[in-house]
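Sequential numbering of the sequence shown, starting at 1, is according to UniProt numbering. Ideal placement from N, C-alpha and C gives every residue a C-beta, glycine not left out. Just so you know, these numbers come straight off a predicted model, no measurement behind them. Structure record follows, encoded as structure tokens.
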Amino acid sequence: MFFQLCRHTEEPGACRSAGHIFPCCEAETTSSGTVSSCCRVRMWDQENHGNFLFPEPQLKGIVTRLFSQQEYFLQMHPDGTIDGTKDENSDYTLFNLIPVGLRVVAIQGVKAGLYVAMNAEGYLYSSDVFTPECKFKESVFENYYVIYSSTLYRQQESGRAWFLGLNKEGQIMKGNRVKKTKPSSHFVPKPIEVCMYREPSLHEIGEKQGRSRKSSGTPTMNGGKVVNQDST
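Quick look at the structure:
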């Protein structure tokens with residue numbers, strides 16, 4: 001067998017990764033403009049009549065920035081801290097948006113290589129590994145903004161979803177304090193590249209790999225920074 005890669009564009013390997021995407025890209029024009037599209041790695045099987053094999057599931061996602069209606073870009077620092085910034089050129093605002101189910105995505109910081117997650121108390125945190133707490137339902141709201149809600153947790157009595165949100169100061173909020181009708185939960189994805197990803201391996205909640213992170217049961221999340229609990 002041998003591997004055959006597609007041709008590179010002007011910036012070979014432009015798709016950013018933390019070990020989950022394939023390296024080669026080609027240009028693709030979308031309604032949002034021209035972005036790069038990653039092609040899959042093809043394996044040539046000489047013993048099987050020359051058929052191409054695809055050894056792993058492949059998921060088409062994007063590298064994007066998430067711009068809040070509060071006029072902040074969501075960002076993840078190298079230490080895993082999550083907050084908002086006005087600097088749209090910061091590399092920390094780049095996220096891999098990986099489809100992991102029907103209208104369900106994983107949100108992974110490109111530079112940190114960590115996943116955005118929400119625990120059972122509604123606190124956001126960063127996870128070394130992909131767990132059920134890293135799954136967010138992606139929905140388009142009435143005003144065409146996109147909202148992200150935990151697929152695992154919601155209000156027990158009312159069934160109201162818990163949302164990813166930033167307040168007016170650019171601080172992340174507890175998911176159970178964020179309402180889908182408020183600007184705090186509204187985001188506009190700004191796609192940069194379309195990429196092919198390997199499907200993330202699902203781990204148990206609280207499982208760690210590599211660098212130590214705060215567990216999902218720790219009340220002080222987000223790199224030790226205070227998580228705002230306001231609903232605006």
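Based on Cα-Cα distance, which residue from the options lies nearest to residue i?
i, options, result
"threonine 85", "Tyr115, Tyr197, Pro200, Ile172", "Ile172"
"valine 105", "Pro189, Glu207, Lys208", "Pro189"
"arginine 65", "Lys208, Gln156, Leu94", "Leu94"
May I have the straight-line CA-CA distance separating residue i from residue j, to the nearest angstrom?
i, j, result
"isoleucine 107", "asparagine 96", "6 Å"
"residue 233", "lysine 135", "The chain is shown from 1 up to 232; residue 233 falls before or after that span and cannot be answered."
"valine 129", "valine 116", "10 Å"
"serine 31", "tyrosine 72", "Any reading at serine 31 needs caution, since the residue's pLDDT is 40, under 50, leaving its predicted position unreliable; the model's value is listed next. Distance between the alpha carbons of serine 31 and tyrosine 72: 23 Å."
"serine 68", "glutamate 157", "29 Å"
"asparagine 89", "glutamine 155", "36 Å"
"lysine 180", "leucine 74", "17 Å"
"glycine 109", "methionine 76", "6 Å"
Cutting at 8 Å between CB atoms, please list the residues of its own chain near residue i, excluding the five before and the five after it.
i, result
"proline 132", "Thr151, Leu152, Leu202, Ile205"
"proline 78", "Tyr92, Lys111, Ala112"
"asparagine 143", "His186"
"leucine 59", "Ile98, Pro99, Val100, Met196, Tyr197, Arg198, Glu199"
"glutamate 207", "Val129, Thr131"
Starting from the C-beta of residue i, find all residues in its chain whose C-beta is less than 6 Å away, skip the five residues before and the five after it, and write them out in chain order.
i, result
"glycine 165", "Met173, Val178, Ser184, Ser185"
"glycine 19", "Any answer about glycine 19 is weak, because its pLDDT of 44 lies below 50 and its placement is not dependable; what the coordinates show is given next. Around glycine 19: no qualifying Cβ."
With a CB to CB cut of under 7 Å and the five nearest residues on each side skipped, what residues in its chain are close to residue i?
i, result
"methionine 118", "Leu124, Glu133, Ser150, Tyr153, Trp162, Gly175"
"valine 140", "Val146"
Throw me the rounded Cβ distance for the residue i and residue j pair, which I believe falls under 8 Å.
i, j, result
"arginine 103", "glutamate 138", "5 Å"
"glycine 170", "aspartate 83", "6 Å"
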